[in-house]
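A quick write-up on the structure given underneath.
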Amino acid sequence: MLEVKNIDVFYGDVQVIWDVAFEVRKGEVVALIGANGAGKSTTLKTISGILRPKKGEVIFEGEPINKVEPYKLIEKGIALCPEARRLFVEMTVEENLDMGSLRGEAKKQRQNTKEMVFELFPRLSERRRQLAGTLSGGEQQMVAVGRGLMSLPKLLMFDEPSLGLAPILVREIFSVIKRIRQEGTTVLIVEQNTKQTLAIADRAYVLETGKITLEGTGQALLNDEHVKKAYLGV
294 MLEVKNIDVF YGDVQVIWDV AFEVRKGEVV ALIGANGAGK STTLKTISGI LRPKKGEVIF
354 EGEPINKVEP YKLIEKGIAL CPEARRLFVE MTVEENLDMG SLRGEAKKQR QNTKEMVFEL
414 FPRLSERRRQ LAGTLSGGEQ QMVAVGRGLM SLPKLLMFDE PSLGLAPILV REIFSVIKRI
474 RQEGTTVLIV EQNTKQTLAI ADRAYVLETG KITLEGTGQA LLNDEHVKKA YLGV
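The sequence shown: position 145 = 438 (our numbering), numbered continuously.
Right, here's the structure in full:
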């Protein structure tokens, strides 16, 4: 479904990604793990069209997309739940969800999709008319995930979905990600909660200082000695 082919990415004159290559197959949960500053979020921004690679290509369903405008990628079926949620804080929960379904088939299916989101997150149904900025951090994360789902994505990308959440809410978010996958949406996740991420990932890649250094199944990387020492504190 998604192929990232040997990309180099820069911020101005500073290179932050070197020759990164990986793939995400339809129906998978694929994880990118690594320390702060490793280039994980930069990689997602490049796939999303926010950044452009200076070398290499991003291919989605057989088509190069690294020169496509970000808003057009949403119509192709790619959605990003960004780090720190990035909600419209002075709009209600329901208005934030509606912002994820402004065009095409997503707009036609808005009501059905919204009911699905409320089934996933019953608290959002209770707070549908509440301003997003007044919600707790966990509830805001639920809105961010729901807004991503409202676009009817084929590929849903998560950037640090558990950041700043209490452990019980972290478990809830990871449970929802598993369910999203079970219902047919492919998932690419960037996350520093390595143990829980690898536990739900079909495959994973380790990104260190802008380069892929290791890859394998989620279970294989959970058992890898380098991953244990570097990311699991074992």
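C-beta atoms are modelled at their ideal positions from N, C-alpha and C, and glycine is treated no differently.
Cα-Cα separation between residue i and residue j, rounded to whole angstroms
| i | j | result |
| --- | --- | --- |
| Q434 | R421 | 14 Å |
| A328 | P346 | 22 Å |
| V386 | F353 | 31 Å |
| T490 | R416 | 24 Å |
| V410 | V307 | 40 Å |
| K298 | E356 | 12 Å |
| K401 | P454 | 28 Å |
| G477 | A523 | 33 Å |
| Q475 | L413 | 13 Å |
| R379 | D391 | 15 Å |
| Q311 | L500 | Note on identity: in this sequence residue 311 is Trp, with Gln being the wrong assignment. For W311 and L500, the distance between alpha carbons rounds to 10 Å. |
| L462 | V469 | 11 Å |
| E432 | K471 | 18 Å |
| I343 | Y304 | 12 Å |
| L445 | R403 | 9 Å |
Three-state secondary structure assigned by DSSP to residue i
| i | result |
| --- | --- |
| F315 | strand |
| N405 | helix |
| D452 | strand |
| D354 | Just to set this straight, residue 354 is Glu in the shown sequence, not Asp. The answer is coil: DSSP assigns E354 none of H, G, I, E or B. |
| L295 | strand |
| I300 | strand |
| G305 | coil |
| E424 | Reading off the sequence, residue 424 comes out as Leu, not Glu. Reduced to three states, the DSSP call for L424 is strand. |
| G397 | helix |
| K348 | strand |
First through last residue of the alpha helix (DSSP H) which encompasses residue i
| i | result |
| --- | --- |
| R496 | Counting along the chain, R496 falls outside any alpha helix (DSSP H), though it belongs to the beta strand (DSSP E) covering R496 to E501. |
| E387 | V386 to D391 |
| E508 | Where E508 is concerned, there is no enclosing alpha helix (DSSP H), although the beta strand (DSSP E) it sits in stretches over K504 to T510. |
| V463 | P460 to Q475 |
| G342 | Element bounds for G342: n/a, residue is neither H nor E. |
| E432 | G430 to M443 |
| L491 | T487 to I493 |
| E419 | P415 to E419 |
Beta-carbon separation (whole angstroms), residue i vs residue j, contact threshold 8 Å
| i | j | result |
| --- | --- | --- |
| E362 | G397 | The Cβ separation is near 15 Å, so there is no contact. |
| A372 | L449 | 5 Å |
| G441 | G393 | 6 Å |
| E376 | L456 | 6 Å |
Opening and closing residue of the beta strand (DSSP E) in which residue i lies
| i | result |
| --- | --- |
| K521 | It is not in any beta strand (DSSP E) - K521 instead sits in the alpha helix (DSSP H) that spans E518 to Y524. |
| V480 | T479 to V483 |
| A372 | I371 to C374 |
| A324 | V322 to I326 |
Checklist entry - Three or more beta-carbon pairs under 8 Å between the region 510-524 and the region 333-341, yes or no? => result no
Checklist entry - Contact between the region 312-332 and the region 481-490: three or more CB pairs below 8 Å? => result yes
Checklist entry - Does the region 492-507 touch the region 315-323, meaning 3 or more C-beta pairs lie closer than 8 Å? => result yes
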